[in-house]
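Quick notes on the structure that follows.
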Amino acid sequence: MINLIIGGARSGKSNYAERLAKALFDNNTSKMIHYIATAECIDQEMEQRINQHRLNRLARFKQNTVELHEVPLELGDKLKQLNQPNNIILVDCLTLWLNNQLYYSPEQDFADLCESTSNLINNLQADVIFVSNEVGLGIIPHNEISRRFVDEAGRLNQAIAKNSDNVIFMLAGIEQCLKGAVYV
Amino acid sequence: MINLIIGGARSGKSNYAERLAKALFDNNTSKMIHYIATAECIDQEMEQRINQHRLNRLARFKQNTVELHEVPLELGDKLKQLNQPNNIILVDCLTLWLNNQLYYSPEQDFADLCESTSNLINNLQADVIFVSNEVGLGIIPHNEISRRFVDEAGRLNQAIAKNSDNVIFMLAGIEQCLKGAVYV
Amino acid sequence: MINLIIGGARSGKSNYAERLAKALFDNNTSKMIHYIATAECIDQEMEQRINQHRLNRLARFKQNTVELHEVPLELGDKLKQLNQPNNIILVDCLTLWLNNQLYYSPEQDFADLCESTSNLINNLQADVIFVSNEVGLGIIPHNEISRRFVDEAGRLNQAIAKNSDNVIFMLAGIEQCLKGAVYV
């Protein structure tokens, strides 16, 4: 079952994603939760934010039920590697992964990357929970790099949403079902 | 029947608007689709974006069923001219039209423009599909011109939504019905 | 009954909040409407906007049924002071109040402020209508202060939404119920 949790900054996306991961785990405690963290520390402020975020998040799971994977770029490979019915994979978040891709490989074909990633999730046996930011509902940014980021993020969200079973939009900590069903 | 398709950048608005235009056409193939493009090339990056956008879009229709109109400013006149029950009019998009109005006639009375445009659609016999961006859900911009744009865009969206039969909000390529009904 | 009206710039939040205040008043005309304005004039453009906003808003109520309170900072105290079952309190808006807090007391503990404010509303006997901006659905801002504002605004919205009976999301002047019920 593929789930996409989409929303703005501080809308409660990660929180909801964890509640969902826990609910899937409680339903079958022989499963294992894999927390894929895509954030990469570029500066000190970001490092502080990331560490705080991860500590807050991981503290909510029991230590032997969750494994942390730091995956700034090779998300496809990691998903293939962890693709077993007994795994619950929480990817937090797609937007930072895309940001890393744009930072390290701006010349790659993003339509390709987007398509291969969304095709991949069609063949997953693990439960996957993707967290992603919606960034396109503000004013169009003045600089070209930001505009490109908005474009690529929107395309990626559409592609992942298309191949997800459930799409949840978070707003002020409240979940809205855009597609499929709400479990928690 | 007046339809407003609203959403963020790369949310699938144009795509949904075309699917709707096609569905209305398939329902009565004696009708004609009029694609009103409001974008105007200001720089090279924009020109490239616009041409790619139009080529992608128009390629989805059969050549003899769709007519392209480039209307950066005189939208009201064009809607009146095309106002016949046999016409399906797709306006892509209101936000760029508003941008052009602010660029060429910043001193005009925008409350007037907004009211006359929304009043006009009350008297249309053609099927109309408006595409428009929601731009007010990010942080309030620092410069006055951007703030004004956010204000005018929000007012225009409210006025058009009020006089539309159906209002659809696109998010990650998924349609949500805000008012009226979803046809496709 | 606690209500949170959330939405982007020019989405119709204040308008909806007033319609709700009026409906609650019409239901029991012995009640009194208290309009808490949190905006504070920092520059001339802002002063102009604020005065126009307030004039437009207050003109919709009868003079003897509404009282204006200018409360840029001490919102908690004012809510406690006005906390009587016969009062309808309209707070327009939480986002400007937060902005004032960040401007005058950036060093205070915002988690504390957020928690004490959301706890407070659990104990209110008055009808309260909070207006608040969603600002987290655009691109992440480049400067640290704006990022912090987005973070704190998101956290505040989540906390208030959690303790509200009804949460309404405004988009293009159309209300969507996120939680509880829609009255008007």
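Residue numbers (my numbering), protein chains in the order written: chain A, 10 to 193; chain B, 10 to 193; chain C, 10 to 193. Glycine included, C-beta positions come from ideal geometry on N, C-alpha and C. No experiment lies behind these values; they were computed from the predicted model shown.
Taking 9 Å as the cut-off, decide whether the C-beta atoms of Leu165 (chain B) and Val176 (chain B) are in contact. Reading the second sequence from its first residue, position 156 is the one you call residue 165 (chain B). Reading the second sequence from its first residue, position 167 is the one you call residue 176 (chain B). In this structure, Val176 (chain B) does not lie closer than 9 Å to Leu165 (chain B) by Cβ.
On the CB-based measure, 16 or more other CB atoms within 10 Å of its CB, does Asp118 (chain C) come out buried or exposed? Numbered from 1 along the third sequence, position 109 holds the residue referred to as residue 118 (chain C). Per the 10 Å Cβ criterion, exposed.
Beta bridge counterpart(s) of Ser141 (chain C) as assigned by DSSP: Sequence index remark: in the third sequence, residue 141 (chain C) carries index 132 (1-based). The partner list for Ser141 (chain C) (beta bridge, DSSP) reads C:Ile15.
is_contact[Gly182 (chain C), chain F] using C-beta, thresh 9 Å: Going by chain labels, chain F is absent from the structure shown, which instead holds the protein chains A, B and C.
Suppose contacts are defined by Cβ-Cβ distances below 9 Å. Is Ser127 (chain B) in contact with Ala168 (chain B) by that definition? As a first step, residue 127 (chain B) is located in the second sequence; it is residue number 118 there, counting from the start. As a first step, residue 168 (chain B) is located in the second sequence; it is residue number 159 there, counting from the start. Yes, Cβ-Cβ distance for Ser127 (chain B) and Ala168 (chain B) is below 9 Å.
Along chain A, which residues have their Cβ under 7 Å away from the Cβ of Pro150 (chain B)? By 1-based counting over the second sequence, the position of residue 150 (chain B) is 141. Near Pro150 (chain B) (Cβ distances below 7 Å), the residues of chain A are Ile148.
With DSSP collapsed to three states, give me the class of Asn108 (chain C). Indexing the third sequence from 1 puts residue 108 (chain C) at position 99. Helix at Asn108 (chain C).
With DSSP as the reference, label Phe34 (chain A) as helix, strand or coil. Counting from 1 along the first sequence, the entry for residue 34 (chain A) is found at position 25. In the structure shown, Phe34 (chain A) sits in a helix (DSSP, three-state: H, G or I).
Rounded straight-line distance, which links the Cα of His151 (chain A) to that of Ala1 (chain A): There is no way to answer for residue 1 (chain A), as the model of chain A reaches only from 10 to 193.
Mind listing, in chain order, the continuous alpha helix (DSSP H) runs of no fewer than 4 residues lying wholly within the region 77-106 of chain B? 84-90
Using C-beta distances below 7 Å, list every residue in its chain close to Ile149 (chain A), excluding the 5 sequence neighbours before and after it, in chain order. By 1-based counting over the first sequence, the position of residue 149 (chain A) is 140. If we look at Ile149 (chain A) and ignore the five residues flanking it on each side, its Cβ neighbours are Arg156.
Just to confirm the assignment, what range does the beta strand (DSSP E) spanning Val193 (chain C) have? Within the third sequence, numbered from 1, the residue matching residue 193 (chain C) stands at position 184. No beta strand (DSSP E) contains Val193 (chain C), which DSSP labels as neither H nor E.
Are three or more beta carbon pairs between the region 46-53 of chain A and the region 104-116 of chain A nearer than 8 Å? yes
Measure from the C-beta of Ala18 (chain B) to each C-beta in chain A and report whether the shortest distance is under 9 Å. Stepping through the second sequence from its first residue, residue 18 (chain B) is reached at position 9. Yes, because at least one Cβ of chain A sits closer than 9 Å to the Cβ of Ala18 (chain B).
Can you find a CB in chain B that lies within less than 9 Å of the CB of Gln185 (chain C)? The residue given as residue 185 (chain C) occupies position 176 in the third sequence. Yes, Gln185 (chain C) lies at the interface with chain B (some Cβ there is under 9 Å from its Cβ).
What is the DSSP secondary structure of Ile42 (chain A), reduced to helix, strand or coil? Mapped onto the first sequence, residue 42 (chain A) falls at position 33. Three-state result, Ile42 (chain A): strand.
What does Ile15 (chain C) reach in chain A if we use C-beta pairs closer than 9 Å? Taking the third sequence and counting its residues from 1, one reaches residue 15 (chain C) at position 6. Going along chain A in sequence order, the residues near Ile15 (chain C) (Cβ under 9 Å) are Leu180 and Ala181.
Pop quiz: Asn109 (chain A) and Leu82 (chain A) are said to be a contact at Cβ under 8 Å. What is the actual Cβ separation, rounded to whole angstroms? One-based indexing of the first sequence puts residue 109 (chain A) at position 100. One-based indexing of the first sequence puts residue 82 (chain A) at position 73. Contact holds; Cβ gap of about 6 Å.
Report the residue from A:Asn172, A:Leu91 and A:Glu143 whose alpha carbon sits nearest the alpha carbon of Val159 (chain A). Position 150 of the first sequence, counting from 1, holds the residue named residue 159 (chain A). When each option's Cα is compared against that of Val159 (chain A), the closest is A:Glu143.
Closer than 9 Å, CB to CB, is Asn166 (chain C) near chain A or not? Along the third sequence, one-based indexing puts residue 166 (chain C) at 157. Yes, Asn166 (chain C) counts as interfacial toward chain A.
For Asn131 (chain C), which option in C:Ser173, C:Arg66 and C:Ala18 has the closest C-alpha, if you only look at C-alpha atoms? Position 122 of the third sequence holds residue 131 (chain C). Answer by Cα proximity: C:Ser173.
Can you name, in chain order, every residue of its own chain whose Cβ lies under 7 Å from the Cβ of Phe178 (chain C), other than the five neighbours on each side? Start at 1 with the first residue of the third sequence, and residue 178 (chain C) comes out as number 169. Ile15, Gly16, Gln185 and Leu187.
Buried or exposed, going by whether 16 or more other CB atoms sit within 10 Å of the CB of Ser114 (chain C)? For the purposes of this step, residue 114 (chain C) is taken as the residue at position 105 of the third sequence. Exposed: under 16 other Cβ atoms inside 10 Å.
Candidates A:Asp52, A:Arg63 and A:Thr38: which alpha carbon is nearest Glu153 (chain C)'s? For the purposes of this step, residue 153 (chain C) is identified with residue 144 of the third sequence, where counting begins at 1. Nearest of A:Asp52, A:Arg63 and A:Thr38 to Glu153 (chain C), Cα basis: A:Asp52.
Boundaries (first-last residue) of the beta strand (DSSP E) holding Ile177 (chain C): If you number the third sequence from 1, residue 177 (chain C) lands on position 168. Per DSSP, Ile177 (chain C) belongs to the beta strand (DSSP E) from Asn175 to Leu180.
Mind listing the chain C neighbours of Gly189 (chain B)? Cutoff is C-beta to C-beta under 8 Å, in chain order. To locate residue 189 (chain B), count along the second sequence from 1; it is residue 180. Those within 8 Å of Gly189 (chain B) in chain C number zero; the least Cβ separation is about 10 Å.
Closer than 9 Å, Cβ to Cβ, to anything on chain C: give me those residues from the region 106-138 of chain B, in chain order. none
Using the beta-carbon of each residue, which ones in chain A are nearer than 9 Å to Lys171 (chain C)? Residue 171 (chain C) sits at position 162 when you count from the first residue of the third sequence. Those are Ala181, Gly182 and Ile183, listed as they occur along chain A.
CB-CB under 8 Å to Ala18 (chain B), same chain, minus the five flanking residues each way: which ones, in chain order? What you label residue 18 (chain B) is simply residue 9 of the second sequence in a count that begins at 1. If we look at Ala18 (chain B) and ignore the five residues flanking it on each side, its Cβ neighbours are Asn142.
What would DSSP say about Ile183 (chain A), mapped onto helix, strand or coil? For the purposes of this step, residue 183 (chain A) is identified with residue 174 of the first sequence, where counting begins at 1. Looking at Ile183 (chain A) - three-state DSSP - the assignment turns out to be strand.
Is it buried or exposed for Asn12 (chain A), if we count other Cβ within 10 angstroms and need 16 for buried? Within the first sequence, residue 12 (chain A) is the residue found at index 3, counting from 1. Result: buried.
Chain B contacts from the region 54-65 of chain C (Cβ-Cβ distance under 7 Å): Glu54
Quick check on DSSP: helix, strand or coil for Asp136 (chain C)? Your numbering for residue 136 (chain C) matches position 127 in the third sequence. If DSSP states are grouped into helix, strand and coil, Asp136 (chain C) belongs with the strands.
Less than 9 Å separating the beta-carbons of Leu99 (chain B) and Leu129 (chain B)? For the purposes of this step, residue 99 (chain B) is taken as residue 90 along the second sequence, with counting starting at 1. For the purposes of this step, residue 129 (chain B) is taken as residue 120 along the second sequence, with counting starting at 1. For Leu99 (chain B) and Leu129 (chain B), no; Cβs fall outside 9 Å.
What do you get for Glu54 (chain A), buried or exposed, if any count of 16 or more other CB atoms within 10 angstroms of its CB means buried? By one-based count along the first sequence, residue 54 (chain A) stands at place 45. Exposed, since its Cβ has fewer than 16 Cβ neighbours within 10 Å.
What separation, rounded to the nearest whole angstrom, lies between the Cα atoms of Ala30 (chain C) and Asn60 (chain B)? In the third sequence, counting from the first residue as 1, residue 30 (chain C) sits at position 21. In the second sequence, counting from the first residue as 1, residue 60 (chain B) sits at position 51. Each residue's Cα considered, the two are about 49 Å apart.
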